[in-house]
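Take the sequence shown: its letter number 145 is residue 1189 in the working numbering, and every next letter is one higher. For each residue, glycine too, the CB sits at the ideal point set by N, CA and C.
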Amino acid sequence: MQSPVWRKAFAVCADPARARQFHARLLEAGAGAVLKDAPPEAARLLAALFSGSQVLGEWLARNPDWLPRLLDVEGLRQPRSDAGLRREVEGWLKPALVAQDHAGALAQLRHFQRRELVRIAARDLARLGRTAEITRELSDLADVCLAAVYRVCWAQLTARFGTPYEQSPEGRWLPTRFCVLGMGKLGGQELNYSSDVDVLFVYSDEGFTFKVPPRPGSQAGKGLPNHEFFRRLGEAFIAEVSRATPEGTLYRIDLRLRPEGKAGPLARSLDSYENYYAQYGQTWERLMLIKARGVAGDASLAHEFLEMIGPFRFPRLLGPDALEEIATMKRRLETEVVRASDEDRNVKLGRGGIREIEFIVQTRQVLHAGRQPFIALPQTVPALGKLAEYHLLSHDAAETLVRAYEFLRDVEHRLQMESNLQTHVLPTERAARERLARLMGCGTLREFEAALQRHRQAVRAIYERVFEPEERRACVSASAEPALPDLEGREAFWKAHFALHSFRDPEQAFRLASAFVHGPGFGHVPARTAQAARRLLGRFLALCPRRDDLEQRRAAAGPDGDPKSRWLSDPDRVLTRLDSFVSAYGARALLFETWMAQPTLFELLLLLFDRSEFLANTAIRTPDLVDDLEQSGRLREVKTAARTLADLRLGAGDADQRLWIRRYHETEFMRLGLRDILGLADFEQNLRELTALAEACLQYALEAALRRCRFKSCPLAIIGLGKLGGGELIYGSDLDVIFVADDAARRLPALQRVAVTLLDLISSPTEHGVAFKLDARLRPDGEKGLLVNSLRAYADYYRQRAQLWEIQALTRCRPVAGDLELGSQFVELVRELTNFSRATPPVAAYTSDWKQQIAHMRRRIEKERTPAGKDHLAFKTGVGGLVDAEFLAQALCLEHGWREPNTLQALLRAQAEGALPADTAKALIENYRRLRRVEGILRRWSYEGEAELPDDPAPQYRVAVRCGFATAADFLAAVARYRRHIRAAYECYFPPPRNPAPAGT
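Spelled out as structure tokens, the structure:
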């Protein structure tokens, strides 16, 4: 029979049935006398504990001797101090170490940890401590346990191998110090009930172990090298902390935050950490180190470590690259959130969850604590108060985030204490959610869910305001960026480092890097210049894909690659190009100073050298060009053909018009290429701007040719076909044009000279290369025909003598220069000629089987223009290549009488008007866009008409990386997938013949 005290306690707890069950088990275990005399408040506390955690209730049922501590409610009102916990542990640990009873000491430690977890949870569930108090107690408990395990492991290893020593500059041997650094929630003293424990292992210096303290200068009796000893110490520490025993596991250890992750050494010396963070430290590591603190071992070494990394953690000025990394981390965080299937139920990773609050705080600290050190607090709630105090967050926002953080952490605690599992996801079962609501002090589930939604929405709103683009770009400088160590005397280190960063020839890379830092011939270079060069070299290496992070890069790339990826595809070639550029520039000190002040300019050049051989040559030939474009702000301009033409006309008085057109084209082509590389223009915008540049150059060259041939007016229209006509010009494309004269024009021979002059102005080579290659072979009778024909002559030819492929080509025509009224008349003629929706189109080439003829032409192209055995590489002419989509678009325009010169727009129209099945059209459009992007990246590299992927693995890999993929295999698989979708759409419209005739017939 239960007493009224217990009946009332069960009635008000979150899970009465479970509470009664554990009460009964304690009675069976002989705790009846203790429970009988429990005062009401103590009974309510135990009932809350039972209903709040199945696991903790089990522990208490098996250890009824813990009850007296839990029934002392007054004693539970205050947290136990760290010192008190340590005194208790020291009472039995020290004798155990003296007796070398290491196993017994660790068993008792596990028992102690479980007992204290039950005590802390009881305080938590009874609301006897605030959230910050509970997380601090959990963290203090972890500190005490980790320190005890460290002492046991140290005793075991020193007994076996001796004590590690390091040698001072004076030759004296000094004991080597070691510490365990806590990171994340442990470091911030904000631990959960079931957190992973993030740690780093640090020792003071290299040296050796000695059984007997060595004499000054002595080398006798040396044992293990220090790095080996501390590796073994780290392994032993991890094994004991993580060991599963009948008393349970203490904590799960996570060492992935250490330099180089799983591939890096388990323990490092202080110098090794300093070199790593100076050379390779990334912004996410700055955020990770914010909460670092010593939790076990030598406290003075932990202090030295934190002092050493202070400038890295909190730089006074942070460069644009670091801000971009923060923006990238934010995007990655949001991507993870979007992908989470339980996003609405995840109180940590979901929108408006705990991680977003922590990210707000940590990014503000990294950005501003170098100049305002008082905000550099490891705990989230106090840090929010300081951010408000220093006007880095509004007071309202800080208070909102504090309330949300405490609420969400309480929810997280109650989720984890239930089964002692690391979970952040709300249960799906209604009964479990209702129990959680009651544990949170809410009367109903609806009340709890409303409060949860209110807090998360408030957090998300602040998160989105804080990370506005303008703030991400604020107050930046690279002056605080640490320099890499010198190359002199460290050849082996650097060669290994270059190999790790994907250099094919580390020896050549070392030579070039040495020349970059020390100057050609290792002449005298000022220390400041050499230091700047080392810092710049660090920036270079940060863009080089490491061989040990392939899977991370694959995950980031996704199935279709990351178009914004900035990994270098060919570090060797980029370093060679950089060497050539520096030599061409000449003023090394000024150049490096410029790059240090404008680090994005340096990164831009590296990307340019990697993404385009053609543009790299231009940059080396004219080394000021990229700087001028970046500084002038012209990279962000979107220029129309009219604006470009107005710029060109400023050079009308130039004596050498060919050279003026080339120089202008060279500058604009570089501008457009850089916009593309930086992602300032999407691919289709880039095509439009390249087309606008070509149209402006054609118009300007036509005006110059008319002046040279003494024409006062323009009785000529230039019609663009192919990519030019479609407004989708790509790098290295020829300009397919035809010249149309007014029927009344009496000076056709003179207009022929105008056309020839225009061709010379645009296409003749100069010291600055060729602007565009003009191709006028699509005119009547091809190369045998006149360059200029009258409108009537074109009408007669197309109606009477043109072949079907010539009519098909007209679907892509558009006036691009000259007399646009005359061009419109030509378009009206074409509209009539290419409308096969009529009963009888007015062209001799039309037959009822015109579709079969087009399909036959396509098969011929597959056979004749695709090298034998290499269809899988022929992304343009092969099966499922770009030509499939182009032929399909042109056939649809003929069939329906559409005037859509642009391939993509024609396909979009087909989708909108139901000319193709919806799913087929959608897949076609998506994969055509992707394959065109691949073509653009290939052509941007060489400025040549690329129709095939490379055959060899090495260049395949380089193309893959430029396209945003981590491996050539992933890239080739994606291209094959794009082509399958395109071919499926093609065959939906052009069903393959059952018995096709040979393609060449």
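Discussion item. Once DSSP output is grouped into helix, strand and coil, what is the label at Asn-1319?
Written reply: helix
Fill in: Assigned secondary structure, Glu-1134 (DSSP; H/G/I helix, E/B strand, else coil)
helix
Practice prompt. Throw me the rounded Cβ distance for the Leu-1673 and Arg-1715 pair, which I believe falls under 8 Å.
Written response: 5 Å
Discussion item. Taking 7 Å as the threshold (beta carbon to beta carbon), is Leu-1938 in contact with chain D?
Written reply: Judged by its chain identifiers, the structure shown contains no chain D, having just a single protein chain.
Worksheet entry | Residue from Leu-1411, Arg-1943, Ala-1815 and Leu-1070 whose Cα sits closest to the Cα of Ile-1370 | Leu-1411
Worksheet item: Closest to Asp-1819 by CA distance: which of Gln-1869, Gly-1766, Val-1871 and Thr-1855 is it?
Response: Gly-1766
Discussion item. Less than 6 Å between C-beta atoms, sequence neighbours within five positions excluded: which residues of the same chain meet that for Val-1133?
Written reply: Val-1188 and Ala-1192
Worksheet entry | Any alpha helix (DSSP H) of 4 or more consecutive residues that is wholly inside the stretch 1930 to 1960 | 1947 to 1956
Item to complete: Could you check if Thr-1472 is buried or exposed, using at least 16 other CB atoms within 10 Å of its CB as the buried criterion?
Response: exposed
Worksheet item: To the nearest angstrom, how far is it from the Cα of Arg-1882 to the Cα of Ala-1736?
Response: Taking the straight line joining both Cα atoms gives about 34 Å.
Worksheet item: Among all the DSSP beta bridges, which residues are the ones paired with Pro-1269?
Response: Phe-1252
Worksheet entry | Secondary structure of Glu-1970, DSSP reduced to three states | In this structure, Glu-1970 counts as helix in the three-state DSSP scheme.
Worksheet entry | Whole-angstrom distance between Ile-1905 and Gln-1497, CA atom to CA atom | 60 Å
Item to complete: Determine the extent of the beta strand (DSSP E) in which Val-1784 is found, giving its start and end residues.
Response: 1779 to 1785
Fill in: the stretch 1746 to 1761 contacting the stretch 1790 to 1799, beta-carbon criterion three pairs below 8 Å
yes
Worksheet item: Taking C-beta to C-beta, are Pro-1734 and Leu-1773 nearer than 7 Å?
Response: First, the residue type needs correcting, since residue 1734 is Leu and not Pro in the sequence shown. Yes, they are a contact pair.
Worksheet item: Around the Cβ of Asp-1720, are there at least 16 other Cβ atoms within 10 angstroms (buried) or fewer (exposed)?
Response: buried
Worksheet item: Taking 6 Å as the cut-off, does the CB of Asp-1298 come closer than this to any heavy atom belonging to the ligand SAM?
Response: The ligand SAM is not part of this structure, which contains no ligands at all.
Worksheet entry | Assumed close pair Leu-1649, Arg-1680 - CB separation to whole angstroms, cut-off 8 Å | Wrong, their Cβ atoms sit about 18 Å apart, outside the cutoff.
Fill in: Option in Ala-2010, Leu-1968, Ala-2012 and Arg-1973 with minimal Cα separation from Ala-2028
If we check each option's Cα against that of Ala-2028, Leu-1968 comes out closest.
Fill in: Status (buried if at least 16 other CB within 10 Å, exposed otherwise) for Gly-1101
Burial call: buried.
Worksheet item: Name the DSSP beta bridge partners of Arg-1337, please?
Response: Gly-1226
Worksheet item: Would you call His-1457 buried or exposed, if buried means 16 or more other Cβ atoms sit within 10 Å of its Cβ?
Response: buried
Worksheet item: Would a C-beta distance cut-off of 7 Å place Leu-1137 and Ala-1149 closer than the cut-off?
Response: yes
Worksheet item: What are the residues that DSSP puts in a beta bridge with Arg-1858?
Response: Gly-1764
Worksheet item: What number of angstroms, rounded off, separates the C-alpha of Leu-1089 from the C-alpha of Ala-1441?
Response: 35 Å
Discussion item. Quick check on the DSSP output: the alpha helix (DSSP H) that includes Ser-1627 runs from which residue to which?
Written reply: 1615 to 1629
Fill in: DSSP-derived helix/strand/coil call for Tyr-1708
If DSSP states are grouped into helix, strand and coil, Tyr-1708 belongs with the helices.
Practice prompt. List the DSSP bridge partners of Asp-1240.
Written response: The partner list for Asp-1240 (beta bridge, DSSP) reads Arg-1296.
Discussion item. If you measure between the beta carbons of Ala-1785 and Val-1832, is that distance less than 7 Å?
Written reply: yes
Worksheet item: Would you call Val-1682 buried or exposed, if buried means 16 or more other Cβ atoms sit within 10 Å of its Cβ?
Response: exposed
Worksheet item: Quick one: what's got a C-beta closer than 6 Å to Ser-1095's C-beta in the same chain, skipping five residues either side?
Response: If we look at Ser-1095 and ignore the five residues flanking it on each side, its Cβ neighbours are Cys-1057, Ala-1058, Asp-1059, Arg-1062 and Ala-1063.
Discussion item. Which residue wins for smallest C-alpha separation from Gln-1423, given the options His-1435, Gly-1414 and Phe-1403?
Written reply: When only C-alpha atoms are compared, the closest one is Phe-1403.
Worksheet item: Nearest to Val-1078 by alpha carbon, out of Trp-1050, Phe-1054 and Ser-1097?
Response: Trp-1050
Discussion item. Check for me: the alpha helix (DSSP H) holding Leu-1792 runs from which residue to which?
Written reply: 1792 to 1807
Worksheet item: Opposite Ala-1553 in the DSSP bridges: which residues?
Response: Paired residues: none, contrary to the question.
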